[in-house]
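Just so you know, the protein sequences line up as chains R and W, in that order. For the record, in the first sequence the residue sitting at position 122 is 122 according to the numbering used here, with numbers rising by one throughout. For the record, in the second sequence the residue sitting at position 7 is 199 according to the numbering used here, with numbers rising by one throughout. Glycine is no exception: its CB is placed at the ideal position from the N, C-alpha and C atoms. Just so we're clear, the structure is a prediction, and the values are computed from it rather than from any experiment. In what follows, a single structure is set out as structure tokens and then discussed.
Number of protein chains: 2
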Amino acid sequence: MSKVKLGAVPLVYPIPIVLVGTNVDGVANFTEVGDCAVMGIQPALVTISLSATHHTTKGIDNTRVFSVNFPSTQMLSLADYCGMVSGCDVDKGALFATFQGEHTQVPLIEDCPVGLECRVLEVTQIKHRRLFIAEVVECYVSDQFVVTIDGKKQIADLIQLDPIIYALDNRYYGIGSPIGVGYREGTCHKTS
Amino acid sequence: MSKVKLGAVPLVYPIPIVLVGTNVDGVANFTEVGDCAVMGIQPALVTISLSATHHTTKGIDNTRVFSVNFPSTQMLSLADYCGMVSGCDVDKGALFATFQGEHTQVPLIEDCPVGLECRVLEVTQIKHRRLFIAEVVECYVSDQFVVTIDGKKQIADLIQLDPIIYALDNRYYGIGSPIGVGYREGTCHKTS
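Encoded structure:
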């Protein structure tokens with residue numbers, strides 16, 4: 001197979017679309033972010049990256065807390081809008097019904113199926129990118145997306161959560177069909 | 193809407209499934225990782241997280257380079273297998289046809305549509321999780337997934353790339369349909 005070199009392009013895919021919330025000068029603000037990942041289950045870690053000069057960055061630097069909210073596809077236009085305009089110019093907190101995290105005063109979005117309340121542990125800046133590594137202190141799930149399996153409350157599948165997915169071709173996508181189960185699909189390759 | 197609290201759970205979704213490659217004691221090794229994200233376009237940054245004791249972690253600590261390879265759904269069983277067994281016990285480099293990065297000696301997977309050659313910039317450890325922040329020094333794309341738009345070489349859409357998606361319900365998913373374009377869907381909310 002022949003490979004084409006595209007240069008120094010961070011072509012990670014697919015990219016989860018999230019709305020990062022924080023208070024900036026006491027006002028709730030949300031911005032659309034694709035630079036977000038889980039970094040560990042126990043401890044419960046997430047990382048996000050923002051431009052050092054962004055309005056949201058100022059809020060996280062001051063409060064040391066943020067929320068990560070996962071919009072469903074029916075919220076696509078609002079999510080995209082939050083990436084188009086700055087909280088300096090538009091009151092983006094007013095776009096959503098919100099609630100406060102119980103452990104911090106971070107704002108979360110009521111209509112997002114899942115929201116994470118996060119406390120910053122470490123900050124790293126590389127050129128103009130500011131990376132926040134944070135612990136999740138609470139995970140809020142809208143009740144219709146909670147399922148009980150073997151007596152334990154768990155999250156519904158991605159078909160029901162209906163996330164927004166992004167890629168560096170600048171397109172948004174929906175989720176596809178389930179194709180397998182973790183730690184089971186590879187069993188066929190075991191030699192003993 | 194009523195919210196259910198699930199505790200300190202890092203419920204980020206959807207999660208991209210990648211195969212992280214490195215040389216461990218001079219032998220190519222690959223492991224399945226979901227803890228991976230783009231952290232910026234310019235500079236081209238990615239971050240991954242691994243358990244501090246893992247075989248791959250030892251290789252990255254020693255070489256300061258790794259690759260991020262994006263398997264398509266037809267590679268699902270091999271990807272899952274790479275997450276089930278350790279490079280201490282199984283020669284996982286032998287599972288794939290590989291090629292070397294031009295800037296480093298990092299191994300990349302021939303059959304993955306996209307592979308990133310990465311050089312570590314910073315390392316952070318939080319409890320047993322070791323986070324590597326890296327710059328992408330080259331992006332390799334299989335030629336059938338490169339499209340030329342306005343004279344510029346770009347990546348094909350996610351339908352063609354056919355990535356593996358994971359979620360914390362321990363299911364794998366395929367990609368769904370395109371649903372919009374970045375910085376366009378939100379235009380309807382502009383007030384002026």
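Segment limits, alpha helix (DSSP H) that includes residue i
i, result
"methionine 84 (chain R)", "76-84"
"lysine 195 (chain W)", "Here lysine 195 (chain W) belongs to no alpha helix (DSSP H); instead the beta strand (DSSP E) covers 195-197."
"isoleucine 356 (chain W)", "Where isoleucine 356 (chain W) is concerned, there is no enclosing alpha helix (DSSP H), given that its DSSP letter is neither H nor E."
"lysine 362 (chain W)", "Reading off the sequence shown, one finds asparagine at residue 362 (chain W), where the question assumed lysine. Unbroken run through asparagine 362 (chain W): none, as it is neither H nor E."
"threonine 316 (chain W)", "No alpha helix (DSSP H) contains threonine 316 (chain W), which is instead part of the beta strand (DSSP E) from 306-318."
"threonine 57 (chain R)", "55-63"
8 Å contact criterion, which residue i and residue j should meet: CB distance rounded
i, j, result
"tyrosine 81 (chain R)", "glycine 378 (chain W)", "3 Å"
"leucine 116 (chain R)", "threonine 47 (chain R)", "Incorrect: roughly 12 Å between the Cβ atoms, too far for contact."
"glycine 279 (chain W)", "histidine 247 (chain W)", "4 Å"
"aspartate 335 (chain W)", "serine 2 (chain R)", "5 Å"
C-beta contact flag for residue i and residue j at 8 Å
i, j, result
"isoleucine 109 (chain R)", "phenylalanine 30 (chain R)", "yes"
"threonine 245 (chain W)", "histidine 295 (chain W)", "no"
"cysteine 228 (chain W)", "alanine 37 (chain R)", "yes"
"valine 462 (chain W)", "glycine 218 (chain W)", "In the structure displayed, chain W extends from 193 to 384; residue 462 (chain W) sits before or after that span and is not available."
"phenylalanine 258 (chain W)", "proline 305 (chain W)", "no"
"alanine 8 (chain R)", "valine 210 (chain W)", "no"
"isoleucine 133 (chain R)", "leucine 50 (chain R)", "no"
"alanine 271 (chain W)", "glutamate 327 (chain W)", "no"
"glycine 368 (chain W)", "tyrosine 173 (chain R)", "yes"
"glutamate 314 (chain W)", "threonine 57 (chain R)", "no"
"valine 24 (chain R)", "glycine 59 (chain R)", "yes"
"cysteine 139 (chain R)", "lysine 197 (chain W)", "yes"
"proline 178 (chain R)", "arginine 363 (chain W)", "yes"
"tyrosine 166 (chain R)", "glycine 275 (chain W)", "no"
First and last residue of the uninterrupted beta strand (DSSP E) at residue i
i, result
"asparagine 29 (chain R)", "27-33"
"glutamine 154 (chain R)", "152-155"
"isoleucine 41 (chain R)", "Neither: isoleucine 41 (chain R) is in no beta strand (DSSP E) and is coded neither H nor E."
"glycine 21 (chain R)", "18-24"
"proline 299 (chain W)", "299-301"
"leucine 11 (chain R)", "Careful: leucine 11 (chain R) lies outside any beta strand (DSSP E) and carries neither H nor E."
"cysteine 139 (chain R)", "129-142"
"phenylalanine 99 (chain R)", "98-100"
"threonine 148 (chain R)", "146-149"
If contact means a Cβ-Cβ distance below 9 Å, which residues of the segment 269-288 of chain W contact chain R? Ser269, Leu270, Ala271, Asp272, Tyr273, Cys274, Gly275, Met276, Val277, Val282, Leu287
Contacting positions in the segment 25-45 of chain R - beta carbon closer than 9 Å to chain W: Glu32, Gly34, Asp35, Cys36, Ala37, Val38, Met39, Gly40, Ile41, Gln42, Pro43, Ala44, Leu45
Along the segment 161-174 of chain R, where does the CB come closer than 8 Å to a CB of chain W? Name the residues. Leu161, Pro163, Ile164, Ile165, Tyr166, Ala167, Leu168, Asp169, Asn170, Arg171, Tyr172, Tyr173, Gly174
Three or more C-beta pairs under 8 Å: does that hold for the segment 88-104 of chain R against the segment 200-212 of chain W? no
Please confirm if the segment 256-266 of chain W is in contact with the segment 353-363 of chain W, defined as three or more CB-CB distances below 8 Å between the two stretches. yes
Which of the residues in the segment 55-74 of chain R, read from start to end, lie with their CB under 9 Å from any CB of chain W? Val68, Phe70, Thr73
Note down, in chain order, all residues in the segment 118-133 of chain R with a beta-carbon under 7 Å from any beta-carbon belonging to chain W. Leu121, Glu122, Thr124, Ile126, Lys127, Arg129, Leu131, Ile133
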